[in-house]
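K.L.:
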Amino acid sequence: MMKRIALAASLTLALAACQDDGFSRSSTRHLQPIPPAAMALMASKGMSKSDPILIRAYKKESEMEVWKRGSDGRYALLKTYPICRWSGQLGPKTKEGDRQVPEGFYTVSPAQMNPNSAYYLSFDTGYPNAYDRQFGRTGGDIMVHGSCTSRGCFAMTDQNVAEIYAIAREAFASGQRAFQFQSYPFRMTPKNLAQHRLDPNIGFWKNLKEGSDYFEVTKDEPRIAVAGGRYQFNVSDETVVAAVRQKQAQDEQQVAELVAKGEKPIKLAYHDGDSHESFRTALASAMGADGSLVVDARMRDKFGDVSRPESLTGPREIALDDSGRTRPEAPSAALAFASLPPAEPAAQAAVPVADQADAGPQQTPFYKKMFNGIGDLFTTSGPTQPVAAAPVAAPAAQPQAVPQKRVQAPSKVNVAAVQ
Numbered sequence: 001m002m003k004r005i006a007l008a009a010s011l012t013l014a015l016a017a018c019q020d021d022g023f024s025r026s027s028t029r030h031l032q033p034i035p036p037a038a039m040a041l042m043a044s045k046g047m048s049k050s051d052p053i054l055i056r057a058y059k060k061e062s063e064m065e066v067w068k069r070g071s072d073g074r075y076a077l078l079k080t081y082p083i084c085r086w087s088g089q090l091g092p093k094t095k096e097g098d099r100q101v102p103e104g105f106y107t108v109s110p111a112q113m114n115p116n117s118a119y120y121l122s123f124d125t126g127y128p129n130a131y132d133r134q135f136g137r138t139g140g141d142i143m144v145h146g147s148c149t150s151r152g153c154f155a156m157t158d159q160n161v162a163e164i165y166a167i168a169r170e171a172f173a174s175g176q177r178a179f180q181f182q183s184y185p186f187r188m189t190p191k192n193l194a195q196h197r198l199d200p201n202i203g204f205w206k207n208l209k210e211g212s213d214y215f216e217v218t219k220d221e222p223r224i225a226v227a228g229g230r231y232q233f234n235v236s237d238e239t240v241v242a243a244v245r246q247k248q249a250q251d252e253q254q255v256a257e258l259v260a261k262g263e264k265p266i267k268l269a270y271h272d273g274d275s276h277e278s279f280r281t282a283l284a285s286a287m288g289a290d291g292s293l294v295v296d297a298r299m300r301d302k303f304g305d306v307s308r309p310e311s312l313t314g315p316r317e318i319a320l321d322d323s324g325r326t327r328p329e330a331p332s333a334a335l336a337f338a339s340l341p342p343a344e345p346a347a348q349a350a351v352p353v354a355d356q357a358d359a360g361p362q363q364t365p366f367y368k369k370m371f372n373g374i375g376d377l378f379t380t381s382g383p384t385q386p387v388a389a390a391p392v393a394a395p396a397a398q399p400q401a402v403p404q405k406r407v408q409a410p411s412k413v414n415v416a417a418v419q
């Protein structure tokens, strides 16, 4: 009987995903002070732990920023944290169970801080907000939490979420009533907008950019309302309005110039979200000589569980044509073969099957090498589906293979160190 109860409890935890129902009510980890290194960083930037905060997150770059407001009323960047795991695709969350990380402008109050989280510590982002409810979007319990597993949440590792939680706690203790949480598909740069200009979500993303532009120009929290199916950013200062419009015009000009120079529209297809490159590197460095992941107490302390590790290969970049449809990269082998002139009788002998298998060794996918023999550290949802091999055409007509393109993370990023 006890075994059945324990099994039921474990299944409830697995299905709850980002839901936090209180598994460590006797813990005092929510009272941990801000780490000395973070306090020193604040001091070097003229900030204090009592200053109000604002948080911004970017899915494509897998980064989360904590900003602090100074005595002049303007926010300045304190620190950028790498996101260990987010799930789904670029685009907003629309329904319960879609594994999507939401995008938009949210509000976090002290009541949304969860010291008894199933994932070390957490806070609720506030999804769904008024904008989401206007479109009938469902779901909830979308958290920023510890560990490295996600079903629609931002998983930051225990170490980083403890630091973020402590910074937010001190801001609330000093009188901040709530902080704004801005979630974006990517940094709102002209290059990103040019590349994603044909995405079905581009209208929504441009609406998010209006709020982002206001923050970039003023370094002040945008005041937000929802009307007519859009976020409305109410600005009464005409000088600010003019400055924001000037930035928007400059960005639009840069987008037009990029398109004129040949910047192609793309779509990023994720297997299931992504992880910051610093975590991929850390995991890869823990591989043993046999290609398996070395699992020890230090690794568990760093990451906890990692959801769907087979997904951590980065997005697949799909080229689009001018209508937004997938651009064919090469003719199929069958069509290439059919277009050949009739072969001479002496050349019509069938090619032995054994010869077809000598085309070269098949590359083992990175994630299979990386996570072979992973044990019980990570959780997965099952094996990925194999891709059927294309038929082998006659050698003279074999089209040149187009390598699959993966998006590379920037080589230098100002992120918190993974220790």
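Residue numbering for the sequence shown follows our numbering, beginning at 1 and increasing consecutively. Glycine included, every Cβ here is placed at the ideal spot set by N, Cα and C.
#1: Quick one: Cα of residue 208 to Cα of residue 215, how far?
#2: Can we say the segment 39-55 touches the segment 159-174, given the rule of at least three CB pairs closer than 8 Å?
#3: Taking only the alpha-carbon atoms, compute the straight-line gap between residue 124 and residue 145 and give it to the nearest angstrom.
#4: According to DSSP, simplified to helix, strand and coil, what is residue 30?
#5: From what residue to what residue does the beta strand (DSSP E) around residue 64 run?
#6: Between which two residues does the alpha helix (DSSP H) holding residue 118 run?
#7: Name, in chain order, the residues that DSSP records as bridge partners for residue 80.
#8: Could you check which residue in 265, 227, 244, 235 has the C-alpha nearest to that of residue 202?
#9: For residue 100, which three-state DSSP category applies?
#10: Let me know the secondary structure DSSP gives residue 224 once reduced to three states.
#11: Output the distance between the C-alpha atoms of residue 165 and residue 64, rounded to the nearest integer angstrom.
#12: Give the secondary structure of residue 218 by DSSP, where H, G and I count as helix, E and B as strand, and everything else as coil.
#13: Mind checking who residue 56 pairs with in its DSSP beta bridge?
#14: Name the two residues that bound the continuous alpha helix (DSSP H) containing residue 172.
#15: Compute the distance between the beta-carbons of residue 133 and residue 94, then report whether it is under 9 Å.
#16: Please state if the CB of residue 268 and the CB of residue 60 are separated by a distance shorter than 9 Å.
#17: Ignore the nearest five residues each way along the sequence and tell me which others in residue 368's own chain have a CB closer than 7 Å to its CB.
#18: Between the C-alpha atoms of residue 180 and residue 262, what's the straight-line distance to the nearest angstrom?
#19: Which residue's Cα is closest to the Cα of residue 276: 35, 316, 140, 148?
#20: At the level of alpha carbons, what is the spacing between residue 239 and residue 154?
#21: As a quick exercise: from 113, 281, 104, 243, pick the residue whose alpha carbon is nearest that of residue 224.
#22: By alpha-carbon positions, which one of 140, 259, 111, 115 ends up nearest to residue 127?
#23: Start and end of the beta strand (DSSP E) containing residue 188?
#24: Would you call residue 191 buried or exposed, if buried means 16 or more other Cβ atoms sit within 10 Å of its Cβ?
#25: Please identify the residue among 113, 79, 150, 306 whose C-alpha is closest to the C-alpha of residue 97.
#26: Alpha carbons only, please: which of 278, 83, 40, 194 is nearest the one belonging to residue 58?
#27: Tell me the rounded alpha-carbon separation between residue 228 and residue 130.
#28: With respect to the beta strand (DSSP E) encompassing residue 39, which residues constitute its N-terminal and C-terminal limits?
#29: Please report the straight-line C-alpha distance between residue 45 and residue 56, rounded to a whole angstrom.
#30: Taking just the CA atoms, how far does residue 43 sit from residue 37?
#31: What residue range is occupied by the uninterrupted alpha helix (DSSP H) comprising residue 420?
#32: Applying the 10 Å Cβ sphere with the 16-neighbour rule, what's the burial state of residue 152?
#33: What do you reckon, are the CB atoms on residue 30 and residue 90 nearer than 9 Å?
#34: Do residue 241 and residue 232 have their C-beta atoms within less than 9 Å of each other?
#35: Between the Cα of residue 99 and those of 327, 274, 305, spot the shortest distance and give me the residue it belongs to.
#36: Looking at the ligand NAD, does it come within less than 8 Å of residue 175, judged from the CB to the closest heavy atom?
P.N.:
According to the data block:
#1: 11 Å
#2: yes
#3: 9 Å
#4: helix
#5: Bounds of the beta strand (DSSP E) holding residue 64 are 63-69.
#6: Run containing residue 118: none; DSSP gives neither H nor E here.
#7: 65
#8: Looking at the Cα atoms, 265 is the closest of the given residues.
#9: coil
#10: strand
#11: 13 Å
#12: helix
#13: 65, 182
#14: 158-173
#15: no
#16: yes
#17: In this predicted model, residue 368 has a pLDDT of only 41, less than 50, meaning its place in the structure is not dependable enough to derive any value.
#18: 37 Å
#19: 148
#20: Cα to Cα, the separation comes out at about 36 Å.
#21: That would be 104, whose Cα lies nearest to the Cα of residue 224.
#22: Looking only at 140, 259, 111, 115, the smallest Cα-Cα distance to residue 127 is reached by 140.
#23: Unbroken run through residue 188: none, as it is neither H nor E.
#24: When all chains shown are included, residue 191 counts as exposed.
#25: 150
#26: 83
#27: 12 Å
#28: Careful: residue 39 lies outside any beta strand (DSSP E), inside the alpha helix (DSSP H) at 36-44.
#29: So the two alpha carbons sit approximately 19 Å from each other.
#30: 10 Å
#31: A question about residue 420 goes unanswered here, because the residues of the chain that appear run from 1 up to 419.
#32: buried
#33: Cβ atoms of residue 30 and residue 90: not closer than 9 Å.
#34: no
#35: When the alpha-carbon of residue 99 is set against those of 327, 274, 305, the nearest one is in 274.
#36: This structure lacks the ligand NAD, and indeed carries no ligand of any kind.
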